[in-house]
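Just below is one structure, and these are the notes that go with it.
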Amino acid sequence: MRGERELRQLFDKEAGVLRRFLRRFGARVSPEDIARDGFLRLCAAEARQIVSPRAFLFQTAKNMAIDALRRSNAAPYRAVESIDLVPTAAHAPSPEDHCIAAEEAAAVRAAIAALPELERKALLMRRVELLPPAEVAAALGVSERQVQRLVLKAIAFCHARLTAADGGASAP
143 MRGERELRQL FDKEAGVLRR FLRRFGARVS PEDIARDGFL RLCAAEARQI VSPRAFLFQT
203 AKNMAIDALR RSNAAPYRAV ESIDLVPTAA HAPSPEDHCI AAEEAAAVRA AIAALPELER
263 KALLMRRVEL LPPAEVAAAL GVSERQVQRL VLKAIAFCHA RLTAADGGAS AP
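Going left to right, the sequence shown walks through residues 143 to 314 as our numbering numbers them.
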């Protein structure tokens, strides 16, 4: 570590020049903070490794100012990227959307309720509970291939029921 007296002399001599140098980086950089932090880094550095304390100080301060600029330039972009995640009135579902969704959910529940019991159980176990075909087959006492057929038949039945309820329009 350098002598305290030597560092004090360097600070007294170079602090003003260093702050003026740092003001070139603009308003997003705090010259006082960076100058202080630069001197702290100089104090913490090994004296024998530094040939020119003044050059070390200015280079360190320059690097810190550039880092501060990068951070300040990146911050607005993060904020803009996340703004799409904030729900707005234009993106919020309207009361009409809520009613339509409730009607569609009721139609799906009615179609599932109208399924034969084995098909309904196979569909719910595979698509709602996300059980593997082997577990569904064991629970229902059928083969895995039969589980696949039951689920496909149930989906076709529900699709036909929902399409008929929608006036013949195909579902998306």
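No residue lacks a Cβ here, since even glycine has one placed at the ideal position from N, Cα and C.
Remember, predicted model here, so these are calculated numbers, not experimental data.
Alpha carbon of residue i to alpha carbon of residue j, nearest angstrom
{"i": "LEU184", "j": "PRO235", "result": "58 Å"}
{"i": "ALA210", "j": "LEU164", "result": "11 Å"}
{"i": "THR106", "j": "ARG178", "result": "Only positions 143 to 314 of the chain appear in the structure, and residue 106 is not among them; the question remains open."}
{"i": "ARG287", "j": "ALA298", "result": "17 Å"}
{"i": "GLY283", "j": "ALA276", "result": "10 Å"}
{"i": "ILE192", "j": "GLN151", "result": "17 Å"}
{"i": "ARG166", "j": "GLU156", "result": "16 Å"}
{"i": "GLY168", "j": "PHE181", "result": "20 Å"}
{"i": "SER285", "j": "ALA252", "result": "27 Å"}
{"i": "ARG303", "j": "ARG212", "result": "58 Å"}
Proximity of residue i and residue j at Cβ, strictly below 9 Å
{"i": "LEU292", "j": "LEU272", "result": "no"}
{"i": "VAL270", "j": "ALA279", "result": "no"}
{"i": "ALA249", "j": "ALA307", "result": "yes"}
{"i": "SER214", "j": "ARG147", "result": "no"}
Rounded Cβ spacing between residue i and residue j (contact assumed at less than 8 Å)
{"i": "ALA296", "j": "ALA255", "result": "No, ALA296 and ALA255 are not in contact; Cβ-Cβ is about 12 Å, not under 8 Å."}
{"i": "GLU174", "j": "ARG162", "result": "Actually they do not touch by this definition, with Cβ atoms about 12 Å apart."}
{"i": "PHE198", "j": "ALA207", "result": "Not quite, the Cβ-Cβ distance comes to about 15 Å (not below 8 Å), so this is no contact."}
Complete runs of the beta strand (DSSP E) confined to the stretch 234 to 268 [at least 3 residues]: Qualifying beta strand (DSSP E) stretches: none in this window.
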